[in-house]
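Colleague: Structure below; questions to follow.
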Amino acid sequence: MPSIHDHIAGHLDPRGRGLLPGGDELPDAQIDHRRGGGLVPWSDGTALTYHPADVTTDLPALVAAAITGGDHGPLYTALCEREVLAELDEVLAGVRALGRPDAVRELGRRLATESGHRAPVKFGIALLGLGAGPGDLDVLLLLGKHEEFTAFAFAAVEATQPDPEPALLALVDGVEGWGRIGVVERFGEGTGPRLREWLLRGGFRNTVLDGYLAHRAATIGGLVPALSAPDVDEELLDAAADILCALIEGGPAEDIDDYNDAPIALSLLIGHLARRADRLRHFVTTARVEEFLSGPGWDQRYAAGWDLARHDTLVRGCRDLMAEPRWRDLTLADLDSPDDRAFHDACYAATALGIDRFPASLRRARTPADWTGLLAQATSERLPRILSLASDVLPLSELGTGPDDIPGIGARWTDHVVLDVVVTALRDFPGQGVEFVLTSLRCPVVRNRVMAVRTLTGWGPESWQPEVQSALRTAVAAEPDPTVRESMAQLLTH
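Letter by letter, the sequence shown follows residues 680 to 1173 of my numbering.
Okay, here's the thing in structure tokens:
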């Protein structure tokens, strides 16, 4: 097994951000072909006896044995236990008490650069965080390119470098997913100006959900002071729009009602847009703000400090900008854009302007997200055209190959996901698209069969064509999942 360090080094993206294809899959993962070729976390099957209560005393002792007697095996084996890093701060305190900083640093570097399993690498990074030398920074930055290790590398760099901000900026800018989120969530009042500027101008964007970091971008990044300038550049204007729209959208993190400066920030943003809006993206931002301003919850917001006059002024400003005639032509043009973001903005704008986007959605349907948007517009009149297109693009005979317990995650299962979208939408159209539902009933992906059952349940037996009963009986006999089998059998008794 190659070391994780060498694996990451071999998958560095020359552009400096993220890893090349295959880089996310660490050497301690294995292919489980029974699950459709998915990756599962490594496990050697060893039954270890370490528990969180023992870790704080056992691990420092194993570290001592490794640095004095050179016996690394017991330490490495213990580190591969899933729970071993749960009490990391206490463990590091015990290691620090050994009084052997140079030997601990050397052990940390060895674990970080030579280990083939992720937990020893994390522990090695943590040991380097007790006293990394000048030559260790490159190791930390390289390992931090993988989302699994970014937060560990960030903590080590922050703790050991005399001027950590340039390295921290390179580290957090080099990842885009959970690694970035985990690091930015550590930002606080002591965060340096370069990191704050980076966060405000786009560092909040990530591949998971911008809303996770939007509030930090607005507060720690200083959104209101930045927008208070009489003129702002295009990068800052776009970032401000995305931050405030993410807060309006809400989600698992803080939302617009958690942002105390929201009234001022929105007023400043709409003021800048009123003076310089020239792209459809600006219209979409304005429309989303207007939708928020016209929505529910304003009695609570007035009580929390929103001013009625400011609210009314903002609504009028948004509506005046949205009423300009140029937006219609820009929307129609971008409905044919090959760029995903431009197309999705055009779809939103079309809805706001009363433009029928169905023809463009029908032309574009490629990805599961495209199909979801298309089927959201389905009507009895439109459904035949949608199903005709689905028949052309979905190889139904290759999808209904028989039941299995495959989760259907990954690019190779895209057609099954599209079929899932189609069958889910068909629940609102009893008796239509039976061939899609029956194919879904025979799919190896569990969710496809579950959705077929739900759609048939929604239709009710009175809408079933004759072949449905026969297909259900066959499906019950072959179904490997007891829960799904029971739901199928219950359908037959209705």
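Where a beta carbon is used, it is the ideal one built from N, C-alpha and C, also for glycine. Only a predicted model underlies this, so the values are computations on that prediction, with no experimental measurement involved.
So, using beta-carbon positions, are A798 and C759 closer together than 7 Å?
Modeller: Yes; because the gap between Cβ atoms is below 7 Å, this pair is in contact.
Colleague: Going by alpha carbons, who is nearest to A1028 out of P1047, P1004, T1051, T1046?
Modeller: Comparing Cα-Cα distances from A1028 to each of P1047, P1004, T1051, T1046, the minimum goes to P1004.
Colleague: Could you check what DSSP says for V911 in three-state terms: helix, strand or coil?
Modeller: V911 falls in the coil class under three-state DSSP.
Colleague: Taking C-alpha atoms, which residue in W977, L1011, Y755, V1097 lies nearest to T1046?
Modeller: Considering only alpha carbons, the answer is V1097.
Colleague: Please state whether DSSP places V887 in a helix, a strand or coil.
Modeller: In the structure shown, V887 sits in coil (DSSP, three-state: anything other than H, G, I, E or B).
Colleague: Quick test of the definition: if touching needs 3 or more C-beta pairs under 8 Å, does the region 1077-1086 touch the region 1034-1051?
Modeller: Counting Cβ pairs under 8 Å, fewer than three are found: no touch.
Colleague: Could you please give me the residues that DSSP links to L698 through a beta bridge?
Modeller: In DSSP, L698 forms a bridge with L691.
Colleague: Which of the three DSSP states is assigned to R714 in this structure?
Modeller: Low confidence applies to R714: its pLDDT is 43, below 50, so where it sits in the model is not reliable enough to give any reading.
Colleague: For the pair the region 955-963 and the region 972-985, tell me if three or more CB-CB distances fall below 8 Å.
Modeller: No: fewer than three Cβ pairs fall under 8 Å.
Colleague: Do T1134 and L1105 have their C-beta atoms within less than 7 Å of each other?
Modeller: A contact, by the Cβ cut-off of 7 Å.
Colleague: Please report the Cβ distance between D934 and L926, rounded to the nearest whole angstrom; I am assuming they are in contact, meaning their Cβ atoms lie under 8 Å.
Modeller: Contact holds; Cβ gap of about 5 Å.
Colleague: Using the C-alpha atoms, what's the distance from A791 back to A745?
Modeller: Spanning the two alpha carbons is a distance of roughly 15 Å.
Colleague: Taking a contact to mean a Cβ-Cβ separation below 7 Å, would you say L1117 touches R1128 in this structure?
Modeller: Their beta carbons are not under 7 Å apart, which means L1117 does not touch R1128 by this criterion.
Colleague: Is L878 near L850, with beta carbons less than 7 Å apart?
Modeller: Against a cut-off of 7 Å, the Cβ pair of L850 and L878 comes out as no contact.
Colleague: Would DSSP call V1132 helix, strand or coil?
Modeller: Note: V1132 maps to helix in three-state DSSP.
Colleague: Using 10 angstroms around the beta-carbon of R995, count the other beta-carbons present and answer buried if the total reaches 16, otherwise exposed.
Modeller: The residue is exposed, with fewer than 16 neighbouring Cβ atoms inside 10 Å.
Colleague: Buried or exposed: Y891, going by 16 or more other Cβ atoms within 10 Å of its Cβ?
Modeller: With 16 or more Cβ atoms within 10 Å of its Cβ, Y891 is classed as buried.
Colleague: Considering only heavy atoms of the ligand NAD, does any lie closer than 6 Å to the CB of L902?
Modeller: The ligand NAD is not among the ligands present in this structure, which contains no ligands whatsoever.
Colleague: For W1006, which residues in the same chain have their Cβ closer than 8 Å to its Cβ, ignoring the five residues on either side in sequence?
Modeller: Counting only Cβ-Cβ distances below 8 Å, and skipping sequence neighbours, we find L959, F962, A1028, L1032.
Colleague: DSSP three-state label for A708, please.
Modeller: It is a strand residue.
Colleague: How would you write the range of the alpha helix (DSSP H) that H1251 sits in, first residue to last?
Modeller: Within the shown structure, residues of the chain are numbered from 680 to 1173, placing residue 1251 beyond reach of any answer.
Colleague: Let me confirm a value: E1197 is counted as buried when at least 16 other C-beta atoms fall within 10 Å, else exposed. Which label applies?
Modeller: Look at the range of the chain in this structure, 680 to 1173, and you will see that residue 1197 is not part of it.
Colleague: In the DSSP assignment, what are the bridge partners of V1124?
Modeller: In DSSP, V1124 forms a bridge with I1085.
Colleague: Quick one: residues in its chain with C-beta nearer than 6 Å to the C-beta of T920, no 5 flanking neighbours on either side, listed in chain order?
Modeller: In the sequence on display, residue 920 carries Ala and not Thr. Excluding residues within five positions, the ones whose Cβ falls inside 6 Å are T964.
Colleague: For the alpha helix (DSSP H) that contains T1058, what are its first and last residues?
Modeller: Taken as a continuous stretch (DSSP letters only), T1058 belongs to no alpha helix (DSSP H), as it is neither H nor E.
Colleague: Go ahead and pull the three-state DSSP assignment for A1157.
Modeller: Helix at A1157.
Colleague: Do E826 and G869 have their CB atoms nearer than 7 Å?
Modeller: No, the Cβ-Cβ distance between E826 and G869 is not below 7 Å.
Colleague: With a Cβ-Cβ cutoff of 7 Å, do G1110 and S1142 count as a contact?
Modeller: The answer is yes: Cβ separation under 7 Å.
Colleague: Measure the C-alpha to C-alpha separation of M680 and D940 and round it to an integer number of angstroms.
Modeller: C-alpha separation (whole angstroms): 52 Å.
Colleague: DSSP three-state call for Y981: helix, strand or coil?
Modeller: The answer is helix: DSSP assigns Y981 an H, G or I state.
Colleague: Report the three-state DSSP secondary structure of F1022 (helix, strand or coil).
Modeller: Residue state, collapsed to three classes: helix.
Colleague: Between the C-alpha atoms of R788 and A782, what's the straight-line distance to the nearest angstrom?
Modeller: Approximately 10 Å between the Cα atoms of the pair.
Colleague: Less than 7 Å between the C-beta atoms of L822 and A832, yes or no?
Modeller: Yes. Within cutoff.
Colleague: Alpha carbon to alpha carbon, how far is Y755 from P739?
Modeller: Whole-angstrom Cα-Cα distance: 12 Å.
Colleague: On the CB-based measure, 16 or more other CB atoms within 10 Å of its CB, does Y981 come out buried or exposed?
Modeller: Flag for Y981 reads exposed.
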